[in-house]
Amino acid sequence: MSYNFSEDYFESNEFKNTLKRFEDADKNGEEIILDSEEFVDIAEYYYNLGKVETAVEIIDRTIDLYPGAAAPLLFKARMALLDYNDIDKANYYADLIEDKTDLEYFYLKAEIMIVDGKADEADEYLEERFNEIDDDEIDFFAIDTAALFIDYNKVDKAEKWINRSEATDAVEYKEQYARIMMEIGEYEKSQTLFNELIDKNPYSTKYWNSLASSQFLCNNLEDAIQSCEFALAINPENATALLNKANGLYNLGNYKEALKYYTRYCSQCPNDENGETLIGFCNMLLEDYVNAIKHFQIAENLSSPDSPMLSDIYKDWAFALCRLNRIDESMAILDKAEALATDKNDLLVYRGSLLLGSGRFFESKKYFLTAIRDSKFSPTIVMKIAIVIYESGNVEIAYKMFQMLYKRHPECNSGYPFYAACCYSLKKEDEFLECLKKAIEHSPEETKIALGKIFPDNVDISNYYQYMLKKLGKA
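Under the working numbering, think of the first position of the sequence shown as 1, with each following residue one higher.
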């Protein structure tokens, strides 16, 4: 829960020795004397393992031992803020901090403002504190403030603050500057900085993981996987590296290997619904629908009622049930998704697509027509239905829907790759070429997905139109 990386500290001998002393004393029913920050480090360690109750017990005991101490009250305040979005409770714990000149107190008050939607007010508050602190604290105050703002994706403010620090050779500066560069898409700069940090500390899993994240974001998947492997060589149980490597393997289409690493990740983070969802999805891609369903059920049980992942969990679960021909159960699961859905028309289309894929054409038609009617003939909904129908093999019907769509909505630029695919299948060459041109202009990536199979691998998307002109003898 700290602003700065704590991952390496938890892997250090210093922390491991402190943790062992604590656990030995606890096991023997003995009291142990640690300072407040050491207790908080142990609590954070347990918190990160998903052992929240244990973490809270340690923090409460620390507050009793050290009333007014900043570290345990900061932990409680941030827990109220991040886990429960309870602004009042966070302020309550902040106000209990005895030393109101502690820099961590300033950061906490600013963080509460950010979570409360008052980022500009937080910025002004920190500006005031910046003008009050000692000169020897200015550089690292600016770095810590940049870290706070980048944690909440306030990139402009983070960049402003990092540029106020003159400690450009400091490890802390490079860490935060690299994060900012990654957020603004300057991946090469971020990777250069992370490599500099690795050169100074090659056994840092946090740096290898950060480098992997930057490589992953610019689609250097093999390099990202290699960086994860270095992190795992240092600590084979590092959860971040396990998840990053699994994601890299997944994106390379190596679902079987990805599944192994997602499983290892879940053994480290057993309360993370995201990991169980990804295991379920990998099983689904490997056509092991029974195991997919098992893990979607676990993911549901781990999710809070307002989890943003639940809707996708239910959709994938329903898909797996359909593949096992358990259609009624599938529709019942989608009832759960419907209770969460903000856009019920999209869900109607999804129901229809599952029924259509299961051979229930007339039932699917009912949902498609309801979605079109309830959305007041939304071009987006019509387009999605047309794509579903095309992918089911009903090319003629999909073609007619696309024709109707673009006649009614000539301003609509999406969906052309699939309209072009219909035209190609039906040998409507002139119409195909017209649609292909629009598809390349407006949706190049989707064009590759929908039409890539009809072009040689060495033909770039930008050359698709000229290639087809020649192939069809119309050049």
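Just so you know, even glycine gets a beta-carbon here, dropped at the ideal spot from N, CA and C.
* Pick helix, strand or coil for N458, following the three-state DSSP scheme. => As a working mapping, residue 458 is identified with position 458 in the sequence shown. N458 falls in the coil class under three-state DSSP.
* Between which two residues does the alpha helix (DSSP H) harbouring E475 extend? -> Taking the first residue of the sequence shown as position 1, residue 475 is located at position 475. In the sequence on display, residue 475 carries Ala and not Glu. Element bounds for A475: n/a, residue is neither H nor E.
* Terminal residues of the continuous alpha helix (DSSP H) containing P444? -> Counting from one through the sequence shown, the residue named residue 444 turns up at place 444. For P444, the enclosing alpha helix (DSSP H) begins and ends at 444-451.
* Asked: Whose C-beta lies closer than 7 Å to the C-beta of A77 among residues of the same chain, with five residues either side of it excluded?
  -> The sequence position of residue 77 within the sequence shown is 77, counting from 1. Short of 7 Å from the beta carbon of A77, and not among the five residues preceding or following it, lie these beta carbons of its own chain, in chain order: A90, Y93, A94, L108.
* Asked: Under the three-state reduction of DSSP, which class applies to T342: helix, strand or coil?
  -> Position 342 of the sequence shown, counted from the first residue, corresponds to residue 342. Here DSSP, grouped into helix, strand and coil, assigns T342 to coil.
* Roughly how many angstroms lie between the CA atoms of H409 and P379, to the nearest whole one? -> Taking the sequence shown and counting its residues from 1, the one referred to as residue 409 is at position 409. Taking the sequence shown and counting its residues from 1, the one referred to as residue 379 is at position 379. Each residue's CA atom was taken as its position, placing H409 and P379 some 7 Å apart.
* Beta carbon of Y173 nearer than 8 Å to that of I143 -> Locating residue 173 in the sequence shown gives position 173, counting from the first residue. Locating residue 143 in the sequence shown gives position 143, counting from the first residue. Yes, the Cβ-Cβ distance between Y173 and I143 is below 8 Å.
* Identify the continuous alpha helix (DSSP H) that holds K365 and give its terminal residues. => The residue you call residue 365 lines up with position 365 of the sequence shown. Counting along the chain, the unbroken alpha helix (DSSP H) around K365 starts and ends at 361-374.
* Looking only at its own chain, which residues have a Cβ that is under 8 Å from the Cβ of L232, when we skip the five neighbours before and after it? -> To locate residue 232, count along the sequence shown from 1; it is residue 232. N238, A241, L242, K245, listed in sequence order.
* Asked: Is it a yes or a no for the stretch 40-54 touching the stretch 62-75, going by three-plus beta-carbon pairs under 8 Å?
  -> The stretch 40-54 vs the stretch 62-75: in contact.
* Mind listing, in chain order, the continuous alpha helix (DSSP H) runs of no fewer than 4 residues lying wholly within the stretch 229-285? => Annotation note: the stretch 229-285 contains the following uninterrupted alpha helix (DSSP H) runs of length 4 or greater, listed N- to C-terminal: 239-251, 255-268, 273-285.
* Asked: Taking C-alpha atoms, which residue in F106, P236, L19, L356 lies nearest to Y125?
  -> Residue 125 sits at position 125 when you count from the first residue of the sequence shown. When each option's Cα is compared against that of Y125, the closest is F106.
* To do: Measure the beta-carbon distance from G357 to S392 and round it to whole angstroms, keeping in mind my assumption that it falls under 8 Å.
  => By 1-based counting over the sequence shown, the position of residue 357 is 357. By 1-based counting over the sequence shown, the position of residue 392 is 392. That pair is a contact at about 6 Å.
* **Per-residue DSSP class, three states only, for S353** => Position 353 of the sequence shown holds residue 353. Helix at S353.
* Own chain partners of K448 with C-beta closer than 7 Å, once the 5 adjacent residues on each side are dropped -> Here the question's residue 448 lines up with position 448 in the sequence shown. Within the same chain, K448 has close Cβ partners I461.
* To do: Label S375 either buried or exposed according to how many other C-beta atoms from any shown protein chain fall within 10 Å of its C-beta, with 16 as the threshold for buried.
  => Start at 1 with the first residue of the sequence shown, and residue 375 comes out as number 375. Buried: at least 16 other Cβ atoms inside 10 Å.
* For K89, which three-state DSSP category applies? -> Within the sequence shown, numbered from 1, the residue matching residue 89 stands at position 89. Note: K89 maps to helix in three-state DSSP.
* Alpha carbon to alpha carbon, how far is Q297 from E276? -> Position 297 of the sequence shown holds residue 297. Position 276 of the sequence shown holds residue 276. Roughly 9 Å separates the two Cα atoms.
* Do you know how far the Cα of I381 is from the Cα of L340? -> Residue 340 sits at position 340 when you count from the first residue of the sequence shown. Residue 381 sits at position 381 when you count from the first residue of the sequence shown. One C-alpha to the other measures close to 19 Å.
* Go ahead and label D123 buried or exposed: buried means 16 or more other beta carbons lie within 10 angstroms of its beta carbon, across all protein chains shown. => The sequence position of residue 123 within the sequence shown is 123, counting from 1. Counting Cβ neighbours within 10 Å, D123 comes out buried, since at least 16 surround it.
* Asked: Taking contact to mean at least 3 C-beta pairs separated by less than 8 Å, is the stretch 148-166 in contact with the stretch 186-197?
  -> Touching, no, given that fewer than three Cβ pairs across the two stretches are closer than 8 Å.
* Asked: Could you give the distance in angstroms between the alpha-carbon of E446 and the alpha-carbon of L310?
  -> In the sequence shown, counting from the first residue as 1, residue 446 sits at position 446. In the sequence shown, counting from the first residue as 1, residue 310 sits at position 310. Cα to Cα, E446 sits roughly 27 Å from L310.
* To do: If I'm right that E175 touches L197 with Cβ under 8 Å, what's the distance once you round it to whole angstroms?
  => For this step, residue 175 is matched to residue 175 along the sequence shown. For this step, residue 197 is matched to residue 197 along the sequence shown. Indeed they touch by this definition, with Cβ atoms about 7 Å apart.
* Asked: DSSP on K437, reduced to helix/strand/coil?
  -> Counting from one through the sequence shown, the residue named residue 437 turns up at place 437. K437: helix per DSSP, three-state reduction.
* Whole-angstrom distance between W208 and S227, CA atom to CA atom -> Counting from one through the sequence shown, the residue named residue 227 turns up at place 227. Counting from one through the sequence shown, the residue named residue 208 turns up at place 208. Their Cα atoms are separated by approximately 6 Å.
* **Where the alpha helix (DSSP H) containing K16 begins and where it ends** => For this step, residue 16 is matched to residue 16 along the sequence shown. Where K16 is concerned, the enclosing alpha helix (DSSP H) stretches over 13-27.
* For N394, three-class secondary structure by DSSP -> Indexing the sequence shown from 1 puts residue 394 at position 394. Judged by DSSP in its simplified three-state form, N394 adopts coil rather than helix or strand.
* Asked: Considering only the beta carbon of each residue, do I293 and L334 sit closer than 8 Å?
  -> Locating residue 293 in the sequence shown gives position 293, counting from the first residue. Locating residue 334 in the sequence shown gives position 334, counting from the first residue. A distance of 8 Å or more separates the beta carbons of I293 and L334.
* What's the gap between the Cα of A178 and the Cα of M79? -> Within the sequence shown, residue 178 is the residue found at index 178, counting from 1. Within the sequence shown, residue 79 is the residue found at index 79, counting from 1. Whole-angstrom Cα-Cα distance: 27 Å.
* To do: Could you check which residue in F194, N219, F230, I234 has the C-alpha nearest to that of Y250?
  => Walking along the sequence shown from the start, residue 250 turns up at place 250. Checking every option, the nearest Cα to that of Y250 belongs to N219.
* Asked: Hey, how far is the Cα of Y467 from the Cα of S425?
  -> Here residue 467 refers to the residue found at position 467 when the sequence shown is read from its first residue. Here residue 425 refers to the residue found at position 425 when the sequence shown is read from its first residue. Cα to Cα, the separation comes out at about 17 Å.
* For S165, count neighbouring C-beta atoms within 10 Å of its own C-beta (all shown protein chains included) and say buried if the count is 16 or more, exposed if not. => As a position in the sequence shown, residue 165 is number 165, starting the count at 1. By the 10 Å Cβ count, S165 comes out buried.
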